[in-house]
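Read through the structure below, which is laid out as structure tokens, and then see the notes.
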Amino acid sequence: MAFPRILVAIGFLLAKAAGGEIIDRVAITVGARVITESEVRQAVRLRQFLNGEPLDFRAYILRDAGERLVDQLLIRLENENSRYGVPSEEAVAAAQARIIAELFRGDRVAYETALKEYGIDERLLLEHLRWQLTVVRFVGVRFGAGLQITPEEVQAYFMAEIAPKLGPGATATAEDFQSQIEETLREQRANELADDWVRETRARTIIDFHPEVFQ
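Throughout the sequence shown, residue numbering follows the working numbering, covering 200 to 414 in sequence.
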């Protein structure tokens, strides 16, 4: 794929330090935007940190991270153009607190040690959490607003997912869980619509993976 001159120039600026030493490479081009190798590796570090997995930079893992970054970039561009809003600092802090509580049993020292082991700056983690919350907001507003859930769908979900888990002799009905079920189904439907939108947007976008980064 031939790149516009300005894009090639940006790629070289990212890749060269003083004296010509290579410090970063263009990993993916998405239209006129660039995703760098360091961004792909940061995405791997963050995902494996949050999943409690050992660091692993094998080619297929890098490629999967790259694919996810492409999707996120497309959402970011749409979110910027449409101004769906950003989460509050309180919401980001609450997300961080949940991670410390759930992954490290509230042990801040263990949390900070793990950040160092994974090579993650805490500011990067907070930005990642902010972005996750932004995506949730984007999907909810862009695809979830106005979605209607029918009584038949509520009943079907209740019978398939909730009723089997109730104890013997339980008298609960779908109406008892209606709000919870409607919220769950609305989120599922919004996520499906968001996935469809991402696939359609990718199909209209020139995306080029640089193979030398994903080896």
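Glycine residues also receive a C-beta, built at the ideal position from the N, C-alpha and C atoms. Please read all numbers here as calculations on a predicted model, not as lab measurements.
Through-space distance from residue j to residue i, alpha-carbon basis
i: L365; j: L249; result: 32 Å
i: R282; j: R329; result: 15 Å
i: P350; j: E301; result: 36 Å
i: I348; j: A369; result: 25 Å
i: E335; j: Q414; result: This sequence places Val at residue 335; Glu is not what is there. So the alpha carbons of these two residues sit roughly 32 Å apart.
i: T400; j: V225; result: 22 Å
i: N390; j: E279; result: 19 Å
i: T333; j: L261; result: 24 Å
i: V308; j: Q377; result: 42 Å
i: Q241; j: I319; result: 8 Å
i: E375; j: Q387; result: Correcting the residue type first, residue 375 is Asp in the shown sequence and not Glu. Answer to the nearest angstrom: the Cα atoms are 20 Å apart.
i: L346; j: T383; result: 12 Å
i: I361; j: S237; result: 44 Å
i: E321; j: D306; result: 15 Å
i: F408; j: D394; result: 21 Å
i: R267; j: P367; result: 44 Å
i: I406; j: V338; result: 23 Å
i: L314; j: A402; result: 36 Å
i: E289; j: R304; result: 21 Å
i: A231; j: A359; result: 46 Å
i: R385; j: V340; result: 11 Å
i: T312; j: V291; result: 20 Å
i: D263; j: D223; result: 19 Å
i: L254; j: P410; result: 21 Å
i: I209; j: A258; result: Low confidence applies to I209: its pLDDT is 40, below 50, so where it sits in the model is not reliable, and the reading given next is rough at best. Each residue's alpha carbon lies about 25 Å from the other.
Exposure label - residue i; buried when at least 16 CB within 10 Å
i: V269; result: buried
i: I227; result: buried
i: E252; result: exposed
i: Y310; result: buried
i: T235; result: buried
i: G265; result: buried
i: F256; result: exposed
i: G343; result: buried
Within 8 Å, strictly: CB atoms of residue i and residue j
i: L273; j: V397; result: yes
i: L324; j: L245; result: yes
i: A371; j: I380; result: no
i: V239; j: V412; result: yes
i: T404; j: V243; result: no
i: Q271; j: Y317; result: no
Residue i CB to nearest heavy atom of the ligand GDP below 7 Å
i: L324; result: With respect to the ligand GDP, the structure shown offers nothing to examine, as it has no ligands at all.
| query | Is the region 349–362 touching the region 284–301, taking contact as three or more C-beta pairs under 8 Å? | reply | They do not touch, by the three-pair rule.
| query | Which ranges does the beta strand (DSSP E) cover as unbroken runs of at least 3 residues, wholly within the region 216–304, from first to last along the chain? | reply | List check, beta strand (DSSP E) in window: 225–229, 232–235.
| message | To test your reading of the DSSP string, which unbroken alpha helix (DSSP H) runs of 4 or more residues are found completely within the region 342–409? | response | Listed in chain order, the complete alpha helix (DSSP H) runs (minimum 4 residues) inside the region 342–409 are 350–356, 377–402.
| task | Report yes or no: do three or more beta-carbon pairs, one from the region 329–340 and one from the region 284–291, lie closer than 8 Å? | result | Judged by Cβ distances under 8 Å, the region 329–340 makes contact with the region 284–291, as three or more pairs qualify.
| said: Report the start-end ranges of each beta strand (DSSP E) in the region 300–341 that is 3 residues or longer and not cut off at the edges. | reply: Complete beta strand (DSSP E) runs here, min 3: none at all.
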